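Peer 1: Pasting in a structure now, in structure tokens, and then I'll have a few things to ask.
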Amino acid sequence: MEQLILYLVRALVDHPDQVGLRASEVDGVRLYELKVSPEDVGKVIGRDGRTVGALRTLLGAAGQKQGQKVRLEIQDDRRLPQATASAPAAPPEGQ
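Per full-length UniProt numbering, the sequence shown starts with residue 1, numbered consecutively.
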């Protein structure tokens with residue numbers, strides 16, 4: 001399964017050498033965490049999530065054939081940490 005994911009994603013991106021994949025087992029589901037170059041995240045997600053949706057469909061079918069539940073997540077390092085993004089700005093001192 002890992003080789004299938006890597007093959008498909010490396011064919012999509014401009015920086016195939018920066019594609020990383022980590023697999024783990026979470027509640028009986030095989031979780032694959034995909035990491036790509038920040039410039040390639042949009043290519044992997046696709047317009048309206050269509051590309052990642054197609055990847056998930058293919059992996060779901062391949063996993064079902066093997067009797068396994070599969071989930072694919074994409075790590076997006078472009079996002080700000082949650083605490084930083086939602087923290088209100090502090091008022092200037094003395095006000």
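By construction, the Cβ of each residue, glycine as well, lies at the ideal position given by its N, Cα and C atoms.
Because the structure is a prediction, the values reported are computed rather than measured.
Quick check: the region 18–27 against the region 56–64, are there 3 or more CB pairs under 8 Å?
Peer 2: At 8 Å Cβ cutoff, the stretches do not touch.
Peer 1: Classify V44: buried if its beta carbon has 16 or more other beta carbons within 10 angstroms, exposed otherwise.
Peer 2: Counting from 1 along the sequence shown, the entry for residue 44 is found at position 44. V44 should be labelled buried.
Peer 1: Leaving out five residues on either side along the sequence, give the residues of the same chain with a beta carbon under 7 Å from the beta carbon of D17.
Peer 2: The count along the sequence shown starts at 1 and reaches residue 17 at position 17. Result list for D17: empty, nothing under 7 Å.
Peer 1: Can you tell me where the alpha helix (DSSP H) with E2 in it begins and where it stops?
Peer 2: The residue given as residue 2 occupies position 2 in the sequence shown. That run of the alpha helix (DSSP H) goes E2 to L12.
Peer 1: Would you give the residue range spanned by the alpha helix (DSSP H) that G28 belongs to?
Peer 2: The residue labelled residue 28 in the question sits at position 28 within the sequence shown. Note, G28: premise wrong, no alpha helix (DSSP H); not H, not E.
Peer 1: Since V9 and V19 should fall inside the 8 Å C-beta cutoff, what is the C-beta to C-beta distance between them, to a whole number of angstroms?
Peer 2: Start at 1 with the first residue of the sequence shown, and residue 9 comes out as number 9. Start at 1 with the first residue of the sequence shown, and residue 19 comes out as number 19. Right, their Cβ atoms sit about 5 Å apart.
Peer 1: Candidates L72, D14 and V52: which alpha carbon is nearest E39's?
Peer 2: Translated into positions along the sequence shown, residue 39 becomes position 39. The shortest C-alpha separation from E39 is found at D14.
Peer 1: If you check the beta carbons only, do T51 and L6 fall under 8 Å apart?
Peer 2: Position 51 of the sequence shown holds residue 51. Position 6 of the sequence shown holds residue 6. No, the pair does not count as a contact, with Cβ atoms beyond the cut-off.
Peer 1: Starting from R56, trace the alpha helix (DSSP H) both ways and give me its first and last residue.
Peer 2: Start at 1 with the first residue of the sequence shown, and residue 56 comes out as number 56. Segment R50 to K65, the alpha helix (DSSP H) holding R56.
Peer 1: Return the chain-ordered list of same chain residues with a C-beta closer than 7 Å to the C-beta of G46, the five sequence neighbours on each side being excluded.
Peer 2: Taking the first residue of the sequence shown as position 1, residue 46 is located at position 46. Taken in chain order, the residues that qualify are V52.
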